[in-house]
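Per the UniProt record's numbering, the very first residue in the sequence shown carries number 1; after that it's consecutive.
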Amino acid sequence: MRAEGFYLAPPILAPDAWDEYAPAERVIRWTEHHQQRRITTDPASQAGNLYARINHSRWVADCTCGSAQIVSPADPRMWCVVCGAGWWQLVFPADVAAVEESLAALPIIERNWWAEPDPVRPTLEV
C-alpha cells in the first residue's frame, strides 16, 4: 500500500479529484478533510532525512515526533501533519519492486521490512 492508494478523495468528490496532488501532498488534503482544519506547508522548509519502511504491507515513515504516515516511493518526501517539522526527504531502497516482491507471499501481518542502516530497525541483539 502506498500513499496514492490510501489517501483518496472523499466520496463527495469525484474519484480523480486529488489526482493533481503528488502522493506526499495527498495526506495533507486527507487530513484537512477528515480533521476539518487547514495545514500550512512551506516548500523551503527541509526537516532532514528519514528511512521508509514496510509495516504490514504499507510503506510508512516515522516522524521524530512519534507520528507516522503512509508514504510512496513515487514521491519520496513527507510533511508531518502532526508537528509540521518541514519536508522530510525519504530514503527508499534502490529496488523497491524487489523488496515488495520478497514480501508478497507472506501474510499481510508479516509483511514488514526495514532498511539495514535505519537506526530504529529492530534487531535481536541484546
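Just so it is clear, CB atoms sit at the ideal spot from N, CA and C, and this is done for glycine as well.
If you run the structure through DSSP and keep just helix, strand and coil, what is Ala14?
-> What you label residue 14 is simply residue 14 of the sequence shown in a count that begins at 1. In the structure shown, Ala14 sits in coil (DSSP, three-state: anything other than H, G, I, E or B).
Proximity of Arg88 and Ile70 at Cβ, strictly below 8 angstroms = Taking the sequence shown and counting its residues from 1, one reaches residue 88 at position 88. Taking the sequence shown and counting its residues from 1, one reaches residue 70 at position 70. Checking the sequence shown, residue 88 turns out to be Trp, not Arg. Not in contact: Trp88 and Ile70 (Cβ atoms no closer than 8 angstroms).
Could you spell out the range, first to last residue, of the alpha helix (DSSP H) harbouring Gly48?
-> Residue numbering aside, residue 48 sits at position 48 when the sequence shown is read from its first letter. Counting along the chain, Gly48 falls outside any alpha helix (DSSP H), though it belongs to the beta strand (DSSP E) covering Gln46 to Asn55.
Between Tyr7 and Val27, is the Cβ-Cβ spacing less than 8 angstroms?
-> On the sequence shown, residue 7 is found 7 positions in, with the first residue counted as 1. On the sequence shown, residue 27 is found 27 positions in, with the first residue counted as 1. In this structure, Val27 lies closer than 8 angstroms to Tyr7 by Cβ.
Taking the C-alpha atoms as reference points, what is the distance between Glu20 and Pro107?
-> Position 20 of the sequence shown, counted from the start, is the residue given in the question as residue 20. Position 107 of the sequence shown, counted from the start, is the residue given in the question as residue 107. In this structure, the straight-line span from the alpha carbon of Glu20 to that of Pro107 is close to 33 angstroms.
Do Arg77 and Ala115 come within 8 angstroms of each other at the CB atom, strictly closer than that value?
-> The residue labelled residue 115 in the question sits at position 115 within the sequence shown. The residue labelled residue 77 in the question sits at position 77 within the sequence shown. Judged by their CB atoms, Ala115 and Arg77 are not nearer to each other than the 8 angstroms cut-off.
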